[in-house]
Each structure stands twice: as structure tokens, then as C-alpha cells.
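S.K.: Our numbering numbers the first residue of the sequence shown as 100 and each following residue consecutively.
Idealized CB from N, CA, C, for every residue including glycine.
A quick note: this is a predicted structure, and the numbers were derived from the prediction, not measured.
Structure in C-alpha cells, see below.
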Amino acid sequence: MLTVRADERLAWDPDSGLVPAPDRPPGEPAVVDSWLVTDERVRDLPLHEERFVRASTELVPGLRAAAVHDFLGAVRHRLPGHGRWFPRVEAYTGARPRLALWPRPAPEPGEAEITLWIPPAADPRRRPTVKGPDLRVLAELRDRARARGADDALLYDRRGTALESAHSALVWWRGGTLCVPDRALPVLPSVTRIHLERLAACWRCPVRHERVSVAELMELETWSVNALHGLRPVRAWADAAGRTRAAARISARAAEWRQAVSHRAVLPVLPAREQPCAP
100 MLTVRADERL AWDPDSGLVP APDRPPGEPA VVDSWLVTDE RVRDLPLHEE RFVRASTELV
160 PGLRAAAVHD FLGAVRHRLP GHGRWFPRVE AYTGARPRLA LWPRPAPEPG EAEITLWIPP
220 AADPRRRPTV KGPDLRVLAE LRDRARARGA DDALLYDRRG TALESAHSAL VWWRGGTLCV
280 PDRALPVLPS VTRIHLERLA ACWRCPVRHE RVSVAELMEL ETWSVNALHG LRPVRAWADA
340 AGRTRAAARI SARAAEWRQA VSHRAVLPVL PAREQPCAP
């Protein structure tokens, strides 16, 4: 592991590797991905890499998968070795495609439970299945949620079907069945949600893909899941005006699942491999 500056972007050069970028590439990145690194340990890094390769080769003209794989291989060996980090990999369009790494220290851990704000309008994203094109609008939604005392904003379609939040995937429970969004819904392919589905398979817990309305979701035990914070139950919902009400259900099982998720991590420099089921 090499020492890097947290505020310095590193540009990818096929001949020189990752080098300090003299200037940030113009415009917003077309694709980004991030994961939590804690003392060299990271969860599901191969899944993050696969998602980044797939999206960046689709959205950035002229960018080949082999070049992205080479870049990500260099990223693995350039991540800081100690402390908590939340590195971001970026792909930019232009006359010449560009790849960059922003090491970034991880934010302080958030609350163990969260409040979600229900905005007055449906999901405004242009490319909901790709992380990157809608970063600005999602950040604005989270800012609006925080101004109303919530932690993040719920996203839903024009029919009132719940999708995810601005910065997390959502899962919910019907009795002993873990429920996740229907495969046809326009949601980000969440690495942490996939992790929970695999954990459920290990524990022989049934998983159901379905559609749920916002009104019904508010009556169910619901978890917000992402790479940075792991698993956090939704403790309350806030309406458009910021009025909140307690979540209908929060069970003790969240602690058990959270612990299992936090323990299933591998070193980022190791080759991709399947992780064993948690005990």
C-alpha cells in the first residue's frame, strides 16, 4: 500500500499507472463507484468493480473493459493501508476517455437507524440504474431531506411504487421473508443488497422480489443498505412538509444481520473469490 493524499485525485495512465492529476477532468463523471475500506478490509470489492466496468464501458465511448480492469487492479494496490476510507473511482467522457481515483477519508459513521423523507414528486433521475449521471440531483434531494430533519430521501415512481433512497438501496420484511425490489424496477444494482440476498441464501431465509407502494412500505420493517453505512433500519418517515411518524416495526434481527454483514470482508488486494456463509 502506498501513501496518498486524501484530497488528491489520481489519473490513470496506461504507461505510468496512477499519477497525480494536474487538473480535475472537466464536467461531472459519467460513472462513479465507491466502497468502504477499514484497515485494508473491504466488502464485496469484486461486485463494485464489475458494476463499474459494466457501466463505464456502456456510457463512455471508446473505453474498453481491459483498460478499466487494468485501472482497477492498480486501484487495489493504491488504497491506503490504515484507517477508514471511502475511495471513489470515476470515468469521464470526452475526446479521450479518462479514469481517476479519489481516495477520500470515510465520513464518520452515521446513526444506527435513520429517518426517510418522502418528497412531493416522483423519482427525477435520468439514468437510475447507473451510479454517476444523477449525482447532483440526488445530492440535492438529500440536502432537502436533511433540511426537514431526515437523513435521506425516498425515491418512488409515478404510480407510487417505492424504489430506493437517494443514497441507499431498500429492503423490507414480510414476516420471515426478506423482500427486495422487483427485478424490472429501475433501481441501482446495489452491491449491499446483493450481499444481503446471498446471506439470506446461506441462512435459508426466503427472498421475494416484489413491488410495494410507499404507503405499504411505511407499515413494514424496512432497512436502508449501502456500502458506507451497511445496514440501518428506518425508524421514522417524514412527509413532504417534514412531519414525522415512527416506523411501524423495528425488530431485533437487524443487529444480527448487521454483524454478519460487517464481518464478511476480504482484503482488497486479494483476487476475487466467493465468501463462505457466515456462521
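(1) Do the segment 227 to 234 and the segment 196 to 205 touch if we need at least three Cβ pairs shorter than 8 Å?
(2) Rounding to the nearest angstrom, what Cα-Cα distance links Gly274 and Ala268 in this structure?
(3) Please state the DSSP three-state secondary structure of Ala345.
(4) Shortest alpha-carbon distance to Gly259 belongs to which of Met317, Arg348, Val174, Glu139?
(5) Tell me whether the beta-carbon of Val313 lies closer than 8 Å to the beta-carbon of Leu253.
(6) Looking at the secondary structure, which residues open and close the beta strand (DSSP E) in which Pro145 lies?
(7) With C-beta atoms as the reference, is Leu284 less than 8 Å away from Ala265?
(8) Candidates Ala110, Ser115, Trp134: which alpha carbon is nearest Arg123's?
(9) Would the beta-carbon of Pro196 fall within 8 Å of that of Val159?
(10) Taking the alpha carbon of Gly209 as the point to measure from, which residue in Arg292, Val118, Cys278, His328 has its own alpha carbon closest?
(11) Roughly how many whole angstroms lie between the Cα atoms of Ala337 and Trp271?
(12) Do you know offhand how far Asp281's Cα is from Pro288's?
(13) Helix, strand or coil: which one does DSSP assign to Cys304?
(14) Kindly list the residues whose CB is nearer than 6 Å to the CB of Ala339, restricted to its own chain and excluding five residues on each side of it in sequence; keep chain order.
(15) Can you check which of these residues, Ala335, Leu298, Val311, Arg257, is closest to Glu143 by C-alpha distance?
M.R.: Result, derived from the coordinates:
(1) no
(2) If you number the sequence shown from 1, residue 274 lands on position 175. If you number the sequence shown from 1, residue 268 lands on position 169. Using only the alpha carbons, I get a separation of about 20 Å.
(3) Translated into the one-based positions of the sequence shown, residue 345 becomes position 246. If DSSP states are grouped into helix, strand and coil, Ala345 belongs with the strands.
(4) On the sequence shown, position 160 is the one that residue 259 refers to. Checking every option, the nearest Cα to that of Gly259 belongs to Met317.
(5) Here the question's residue 313 lines up with position 214 in the sequence shown. Here the question's residue 253 lines up with position 154 in the sequence shown. Cβ atoms of Val313 and Leu253: closer than 8 Å.
(6) The residue labelled residue 145 in the question sits at position 46 within the sequence shown. Careful: Pro145 lies outside any beta strand (DSSP E), inside the alpha helix (DSSP H) at 144 to 158.
(7) Here residue 284 refers to the residue found at position 185 when the sequence shown is read from its first residue. Here residue 265 refers to the residue found at position 166 when the sequence shown is read from its first residue. Their beta carbons are not under 8 Å apart, which means Leu284 does not touch Ala265 by this criterion.
(8) Position 24 of the sequence shown, counted from the first residue, corresponds to residue 123. Ranking the options by Cα distance to Arg123, first place goes to Ala110.
(9) By 1-based counting over the sequence shown, the position of residue 196 is 97. By 1-based counting over the sequence shown, the position of residue 159 is 60. In this structure, Val159 lies closer than 8 Å to Pro196 by Cβ.
(10) The residue you call residue 209 lines up with position 110 of the sequence shown. It is His328 whose Cα lies nearest to the Cα of Gly209.
(11) Counting from 1 along the sequence shown, the entry for residue 337 is found at position 238. Counting from 1 along the sequence shown, the entry for residue 271 is found at position 172. Taking the straight line from one Cα to the other gives about 18 Å.
(12) Counted from its first residue, the sequence shown places residue 281 at position 182. Counted from its first residue, the sequence shown places residue 288 at position 189. Asp281 and Pro288: Cα-Cα distance of roughly 12 Å.
(13) As a position in the sequence shown, residue 304 is number 205, starting the count at 1. If DSSP states are grouped into helix, strand and coil, Cys304 belongs with coil.
(14) Position 240 of the sequence shown holds residue 339. For Ala339, where only same-chain residues beyond five positions count, the Cβ hits under 6 Å are Pro219.
(15) Position 44 of the sequence shown holds residue 143. Sequence check: residue 143 is Asp here, not Glu. Of Ala335, Leu298, Val311, Arg257, the residue nearest in Cα terms is Leu298.
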